[in-house]
Structure formats: C-alpha cells, structure tokens
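Enquirer: Structure below; questions to follow.
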Amino acid sequence: MQDYKDFTKPGTQSVTYGKYLKVHELLALQEELSEPKAHDELLFITIHQTYELWFKQILHELDQTQTYLDGDKLPQMMKGLERINRIMRVLVSQVEILESMTPNEFNRFRGHLSPASGFQSFQFRVLEFRLGMKNYAHLKFFEHEPEAHAAIAKAMSEKTFYDHWFAYLKRRGLPIPDDVLLRDVTVPYEAHTEVSKIFVEFYKDTDKYFDLYVASEALFDLDELLIQWRFRHVQMVQRMIGNMGGTGGSHGARYLQSTLSKSAFPELWDLRNLLGK
C-alpha cells in the first residue's frame, strides 16, 4: 500500500515545498561576477540577499505594528515590536558569518562589485526613514531606480513610527506638545525637552504607566539594535578593508562610524540622564 503521493509526476497540481517557496528560482539568484570564480563570493551574495529578505519582513511587520498602534491596540503593537526586535538580533548575529571571510578572500572578488554598495539598499533606507532618521540627500542615490526612489520618497513624506507613537500618547491623555504633533515630518526628528519629561514619568511611576513603560523599553531595544547592527557593520568593514573607501564611492568605515550616533527615539536615551535627578 502506497503511503505517500508522488508530487514529482507530470500533471500533479498539488502545492509542494519547492513550488510554494520557488526554491529553484531562489537558488538561481546567486550569480557570481568573479572570473575565475572566487569561492567566498557566494557567501557574500547569500548574506546580503538574506539581509534584504529580512528588511522586507521588518517593513511588513512595521506596517502591521503601526496599524495596531493607530487602533489603540498596545498589546498587539508590542507583540509586533518583539518580532521586529528578534529579527534585528538575527541581522546583528549574521555579521559574524561574514567575518569568517578574510580580507584576501574578499579582495578576490571585491573589484567586481564597483560601483555597487550596501549604501544602495533602498529597503534599509525606507526602514530608517520610517523610524525617523530621514536624509533627503539619500534620494539622489536612487534616481535611476524608479521603484526604489518612489518607496523612499513615500517614506520621506509620511509620518514616522515615532509620530504615530506621539499621537497614541496624546489620545491616552498625555500632554504631547503641539509643535511635536504638528512638526514637519520630512525632516529628521530632534529631541524635545517636554517629551523627555513625559517619558521620565513612565519610568518613575511604573505602576501607573506600566504598559507605556514596557512599550518604551521595546522601542529602546529596537533603537539599540539598529545601533548595534551599524556598529557590527563598521567592525566588519574595518576588518575587511580598513579605512579604504567603499566600492560605491562612500568613505567606507569612516562614513559608517559617523552613523553610530543616529537615534530613532532620542528621548528614550535622554531620559536616562534625567532619572537620577
């Protein structure tokens, strides 16, 4: 008696693992440029394609998380944030795999990458913009990629996740200043003293504001993980090419180091300075 179905037979219409995940198409996407083939180029491509898939998933989760927040569903919003944070931890840990490649191994195919650069990851730019770290100058790098340019421009023109968080807090009766709620959302957000004071109350009176305190810590985790990812990226770049310029014309590690001070939710850092006062 046959206890399985042979899905490989011609005419079989059932969904299979390979069909559902398009495994054959997926495995055909890693196209090395080096000649003769450099063994480590496949690892480089695989890691970066994986990053892009995770960025796609994070943006997908951020959409749903923001919808929950707009619907005043804080527990669901926090669950969404936890998933995003778990993915971010994976992104940070993946750098370690790339570091198994030595500078010599990287240099065997690095020359074929120019002028491509990680700076050109439009999904990461969209993520940064949606979290409030906007930079109009980044749009010029995608002038010849209409879909990418449109996605970044859309994120530039819309409210950030932090803006939605402020609106939620206002609905909760907290005195978020009007100049924060009505700010120009196309420019990077800057820390506001009154917002820091409000956030301090979440931490000083956790009995009264426990849900907001826990949510604030989840937001802080996300911000910290973004910084950790940038820091590990800096370390990896320095390990591979020192302070040489990047393949896309950037200043390499020096540029990346300058991004380590970027914060999506600055008051969540500032309040640490105020708690002991």
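FYI, the numbering used here numbers position 215 of the sequence shown as 1434, with every residue one higher than the one before it. Yeah, the Cβ is synthetic: ideal placement off N, Cα and C, and Gly gets one too. As the structure is a computational prediction, the values presented were derived from the model and not from experiment.
(1) Report the three-state DSSP secondary structure of I1264 (helix, strand or coil).
(2) Can you list, in chain order, the stretches of the alpha helix (DSSP H) that have 4 or more residues and sit fully within the region 1375–1407?
(3) Beta-carbon separation of T1405 and S1376 under 8 Å?
(4) Which term fits S1497, buried or exposed, when burial requires 16 or more other beta carbons within 10 angstroms of its beta carbon?
(5) Assign R1491 to buried or exposed, taking buried as 16 or more other Cβ atoms, counted over all protein chains shown, within 10 Å of its Cβ.
(6) Take L1248 and list the residues in its own chain whose beta-carbon comes closer than 7 Å to its own, dropping the five residues that flank it on each side.
(7) Who are the near neighbours of H1357 in its chain, counting only those whose CB is closer than 6 Å to its CB and skipping five residues on each side?
(8) Between M1558 and L1487, what straight-line distance do the alpha-carbon atoms span, to the nearest angstrom?
(9) Can at least three beta-carbon pairs, one atom from the region 1346–1357 and one from the region 1318–1332, be found at a separation below 8 Å?
(10) Report the option in R1302, K1256, Y1270 and H1279 whose CA atom is closest to the CA atom of A1437.
(11) Give the secondary structure of A1257 by DSSP, where H, G and I count as helix, E and B as strand, and everything else as coil.
(12) Assign S1435 to buried or exposed, taking buried as 16 or more other Cβ atoms, counted over all protein chains shown, within 10 Å of its Cβ.
(13) Please state whether DSSP places A1499 in a helix, a strand or coil.
(14) Can you tell me whether L1445 is helix, strand or coil according to DSSP?
(15) Could you tell me the boundaries of the alpha helix (DSSP H) in which K1353 lies?
(16) Which of the three DSSP states, helix, strand or coil, is assigned to G1467?
(17) One question on the structure: do F1380 and I1395 come within less than 8 Å of each other, judged by their Cβ atoms?
(18) Is V1234 helix, strand or coil by DSSP?
(19) Report, in whole angstroms, the separation of the C-beta atoms of V1311 and R1451, which I expect to be a contact under 8 Å.
(20) Under 7 Å: does the beta carbon of E1280 sit that close to some heavy atom of the ligand MG?
(21) Between H1383 and L1300, how many whole angstroms is the CB-CB distance? I'm expecting something under 8 Å.
(22) Compute the Euclidean distance between the alpha carbons of L1262 and Y1236, then round it to the nearest angstrom.
(23) Leaving out five residues on either side along the sequence, give the residues of the same chain with a beta carbon under 6 Å from the beta carbon of P1201.
(24) Would you report the Cα separation of F1199 and P1255, rounded to the nearest angstrom?
(25) So E1324 and D1259 are in contact, right, with Cβ under 8 Å, and what is the actual spacing, rounded?
(26) Return the CA-CA distance between I1460 and F1360, expressed in angstroms with no decimal places.
(27) Give the secondary structure of D1426 by DSSP, where H, G and I count as helix, E and B as strand, and everything else as coil.
(28) Assuming H1331 contacts L1252 under a Cβ cut-off of 8 Å, what Cβ separation, rounded to an integer in Å, is found between them?
Expert: Short version:
(1) Looking up residue 1264 in the sequence shown gives position 45. DSSP places I1264 in helix when its eight states are reduced to three.
(2) Inside the region 1375–1407, DSSP marks whole alpha helix (DSSP H) runs of 4 or more residues at positions 1380–1390 and 1397–1400, from first to last along the chain.
(3) The sequence position of residue 1405 within the sequence shown is 186, counting from 1. The sequence position of residue 1376 within the sequence shown is 157, counting from 1. Going by C-beta atoms, T1405 is nearer than 8 Å to S1376.
(4) The structure shown does not extend to residue 1497, since the chain spans only 1220 to 1496, so no value can be given for it.
(5) Walking along the sequence shown from the start, residue 1491 turns up at place 272. Result: exposed.
(6) In the sequence shown, counting from the first residue as 1, residue 1248 sits at position 29. Same-chain partners within the cutoff: Q1268.
(7) The sequence position of residue 1357 within the sequence shown is 138, counting from 1. Same-chain partners within the cutoff: R1344.
(8) Past the edges of the chain, shown from 1220 to 1496, lies residue 1558, and the structure says nothing about it.
(9) no
(10) In the sequence shown, the residue the question calls residue 1437 occupies position 218. For the residues R1302, K1256, Y1270 and H1279, the minimum Cα distance to A1437 belongs to R1302.
(11) For the purposes of this step, residue 1257 is taken as the residue at position 38 of the sequence shown. DSSP places A1257 in coil when its eight states are reduced to three.
(12) Within the sequence shown, numbered from 1, the residue matching residue 1435 stands at position 216. Taking every protein chain shown into account, the CB of S1435 has 16 or more other CB atoms within 10 angstroms, so this residue is buried.
(13) The chain is shown from 1220 up to 1496; residue 1499 falls before or after that span and cannot be answered.
(14) Position 226 of the sequence shown, counted from the first residue, corresponds to residue 1445. Note: L1445 maps to helix in three-state DSSP.
(15) Locating residue 1353 in the sequence shown gives position 134, where the first residue counts as 1. Premise fails: K1353 is in no alpha helix (DSSP H) and is neither H nor E.
(16) The sequence position of residue 1467 within the sequence shown is 248, counting from 1. For G1467, the pLDDT reaches just 47, beneath the cut-off of 50, and the residue's location in the model is therefore unreliable, although a value from the coordinates is still provided. In the structure shown, G1467 adopts coil according to DSSP, grouped into three states.
(17) By 1-based counting over the sequence shown, the position of residue 1380 is 161. By 1-based counting over the sequence shown, the position of residue 1395 is 176. No, the pair does not count as a contact, with Cβ atoms beyond the cut-off.
(18) Along the sequence shown, one-based indexing puts residue 1234 at 15. In the structure shown, V1234 sits in coil (DSSP, three-state: anything other than H, G, I, E or B).
(19) On the sequence shown, residue 1311 is found 92 positions in, with the first residue counted as 1. On the sequence shown, residue 1451 is found 232 positions in, with the first residue counted as 1. The beta carbons of V1311 and R1451 sit about 6 Å from each other, so the pair counts as a contact at 8 Å.
(20) In the structure shown, the ligand MG is absent, as is every other ligand, since no ligand is present at all.
(21) If you number the sequence shown from 1, residue 1383 lands on position 164. If you number the sequence shown from 1, residue 1300 lands on position 81. About 12 Å; that fails the 8 Å criterion.
(22) As a position in the sequence shown, residue 1262 is number 43, starting the count at 1. As a position in the sequence shown, residue 1236 is number 17, starting the count at 1. When rounded, the distance between both Cα atoms is 24 Å.
(23) Since the first and last residues shown for the chain are 1220 and 1496, residue 1201 lies out of range.
(24) Examination of residue 1199 is not possible in this model, given that the chain is present from 1220 through 1496 alone.
(25) For the purposes of this step, residue 1324 is taken as the residue at position 105 of the sequence shown. For the purposes of this step, residue 1259 is taken as the residue at position 40 of the sequence shown. Indeed they touch by this definition, with Cβ atoms about 4 Å apart.
(26) Locating residue 1460 in the sequence shown gives position 241, counting from the first residue. Locating residue 1360 in the sequence shown gives position 141, counting from the first residue. Near 23 Å, if we compare the C-alpha coordinates of F1360 and I1460.
(27) To locate residue 1426, count along the sequence shown from 1; it is residue 207. Correct three-state label for D1426: coil.
(28) Indexing the sequence shown from 1 puts residue 1331 at position 112. Indexing the sequence shown from 1 puts residue 1252 at position 33. Rounded, the Cβ-Cβ distance is 4 Å, consistent with contact.
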